[in-house]
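Take a look at the structure set out below.
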Amino acid sequence: MSISENAMIGSGEFVYECHHNWDRQSLPGGYEYGNASHGIAFDSQGLIYISHNGNPGSIFVFDGDGRFVKAMAEMHNAGPFAKGHGVSIRKEGSEDFLYLAPADSAMAFTKMSLTGEVVWQKNRDTINRESGGLLEDPSLGFKPTKISFRPDGGYYLGDGYGSHHVFEYDSHNKFVRALGGHGTATGKFSTPHGHWLDDRDGTPKLVVADRANMRLQWFGMDGQHLLSLGGFLFPADIDVQGEYLLVPDLHARLTMLNGKNEVVAQLGDDETWRQTVLADNFAMRGTPAQWRRGQFVHPHAARFDAEGNIYVAEWVRTGRITKLIRKT
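Counting in this note's numbering, the sequence shown runs from 148 upward without gaps.
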């Protein structure tokens with residue numbers, strides 16, 4: 148697709164040039180995202196890490212120009228396909244570290260270096276023991292989907308496809324508390340799929356994409372519930388830049404909120420297209436020939452880069468990475 152064929156999406160202050168399959172030209176032969184591309188993270192050098200369900204490894208790494216660098220994180224690929232899902236990167240001292248959450252109960256939440264050395268791993272038994280038995284009930288699954296970081300050096304692990312808890316750990320990697328558990332009441336979750344630190348007003352808070360409850364929920368650093376906000380369809384993840392909070396909605400759109408949590412943009416929002424995407428048990432996700440330029444199918448993760456551009460990973464067969472270049 149040439150530059151002239153790229154669709155323009157959005158309006159007003161939020162107009163973007165839409166580069167679908169931004170990464171495809173450089174992806175080596177035989178390297179595939181498989182059933183889905185899932186997560187996106189940036190290291191301090193600007194390299195981009197995409198988690199996936201394909202081969203080889205469970206993460207593909209690209210530079211800022213879309214050139215393939217390497218595949219990695221083979222421990223989350225038990226064959227024939229990877230189980231890569233949540234990927235987050237934090238600089239600790241002078242070194243970046245990957246935190247990886249595979250959506251597979253047989254695999255372990257992992258901290259590793261960017262060169263592939265495993266620092267530690269936590270499987271279901273470990274987290275059950277550390278949390279005082281919160282996963283003791285055999286009916287509860289354990290399929291973590293996302294990691295986010297506290298400003299004090301701690302972190303959160305969201306068990307989005309399992310127990311519906313978000314586990315909090317301190318800067319010494321010690322268990323502090325679990326938020327949520329399954330339910331629809333305030334403070335409970337139904338698929339806490341993504342989460343992130345929201346410090347737009349100067350006070351850090353955890354914001355959780357409570358996906359199947361179709362809402363966001365905010366919590367203080369002490370774990371107390373602060374706010375719930377509806378109006379979403381199936382919110383999958385969250386990113387923050389400046390005053391803006393970005394929510395990729397698995398039902399074919401991106402929503403952006405301002406500092407007052409007002410909707411200022413909904414990229415790709417088209418009800419007719421959405422009904423087509425959702426029809427026949429999401430059959431559209433497996434038929435790339437029917438995907439349209441300038442429209443999303445299933446945005447699963449979205450991240451701002453330093454220039455305010457947006458990268459989107461979609462839950463579609465074959466995977467799809469789109470770069471939205473901001474024009475205004």
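Even glycine gets a Cβ: it sits at the ideal position worked out from N, Cα and C. Since the structure is predicted, the reported quantities are computational estimates derived from the model, not experimental observations.
Tell me where the alpha helix (DSSP H) around Leu425 begins and ends. 418-429
Counting along the chain, where does the alpha helix (DSSP H) carrying Ile274 start and finish? 271-277
Three-state secondary structure assigned by DSSP to Gly433: helix
By DSSP, does His232 sit in helix, in strand, or in coil? In the three-state DSSP reduction, His232 falls in the coil class, being neither helix nor strand.
Out of Arg473, Thr469, Ile472, Trp462, state which residue places its alpha-carbon closest to the alpha-carbon of Lys230. Nearest option by C-alpha distance: Trp462.
Name, in chain order, the residues that DSSP records as bridge partners for Phe207. Ile197, Ala218
Rounded to a whole number of angstroms, what is the C-alpha to C-alpha distance between Val411 and Ile236? 28 angstroms
Distance, Trp169 Cα to Phe451 Cα: If you take the alpha carbons of Phe451 and Trp169, they lie about 15 angstroms apart.
Where do the ends of the beta strand (DSSP E) carrying Ser260 lie? 256-260
Could you tell me whether the Cβ atoms of Gly300 and Ser278 are closer together than 8 angstroms? no
Spatial distance of Val265 from Ala220 (CA atoms): 9 angstroms
Given this structure, state the Cα-to-Cα distance separating Ser310 from Asp190, to the nearest angstrom. 30 angstroms
Could you tell me the distance, in whole angstroms, from the CA atom of Asp369 to the CA atom of His342? The straight-line gap from Cα to Cα measures roughly 16 angstroms.
Can you tell me where the beta strand (DSSP E) holding Trp375 begins and where it ends? Note that residue 375 is Ser in the sequence shown, not Trp. 372-376 is the extent of the beta strand (DSSP E) around Ser375.
In angstroms, rounded to a whole number, what distance separates the CA positions of Gly455 and Asp212? 15 angstroms
With 16 other Cβ atoms within 10 Å as the buried cut-off, status of Glu315: buried
Asn153 and Glu179: beta carbons closer than 8 angstroms? no
With three or more C-beta pairs closer than 8 angstroms as the rule, is the region 372-389 touching the region 430-438? no
Would the beta-carbon of Cys165 fall within 8 angstroms of that of Arg432? Their beta carbons are not under 8 angstroms apart, which means Cys165 does not touch Arg432 by this criterion.
Consider the C-beta atom of Ile156 and the heavy atoms of the ligand MN; say whether any pair is separated by less than 7 angstroms. Among the ligands in the structure shown, none appear at all, so the ligand MN cannot be discussed.
Please determine if the region 348-363 and the region 410-429 are in contact, where contact requires at least 3 C-beta pairs separated by less than 8 angstroms. No, they do not touch.
Just the C-alpha distance for Asn275 and Thr338, rounded to the nearest angstrom, thanks. 19 angstroms
Apart from the five residues just before and just after Asn182, which ones in its own chain have a Cβ nearer than 7 angstroms to its Cβ? Asn200, Phe228, Arg464
What separation, rounded to the nearest whole angstrom, lies between the Cα atoms of Arg324 and Thr475? 43 angstroms
DSSP state of Glu390 mapped onto helix, strand, coil: coil
Which residues share a DSSP beta bridge with Gln413? Thr402
Give me the Cα-Cα distance between Ile150 and Val459, rounded to the nearest whole angstrom. Note that Ile150 scores 37 on pLDDT, short of 50, meaning its location in the model is unreliable; the coordinates nonetheless yield the value given after this. Distance between the alpha carbons of Ile150 and Val459 is about 18 angstroms.
Under the three-state DSSP convention, the category Met148 falls into: Legend: pLDDT at Met148 = 32, less than 50; position of this residue unreliable, no value from coordinates given.
Could you please give the first and the last residue of the uninterrupted beta strand (DSSP E) stretch that includes Glu315? Counting along the chain, the beta strand (DSSP E) containing Glu315 begins and ends at 312-316.
Met155, enclosing beta strand (DSSP E) - first and last residue: 154-158
Proximity winner among Ile206, Met222, Lys321, Ala359, relative to Tyr308 (alpha-carbon distances): Ala359
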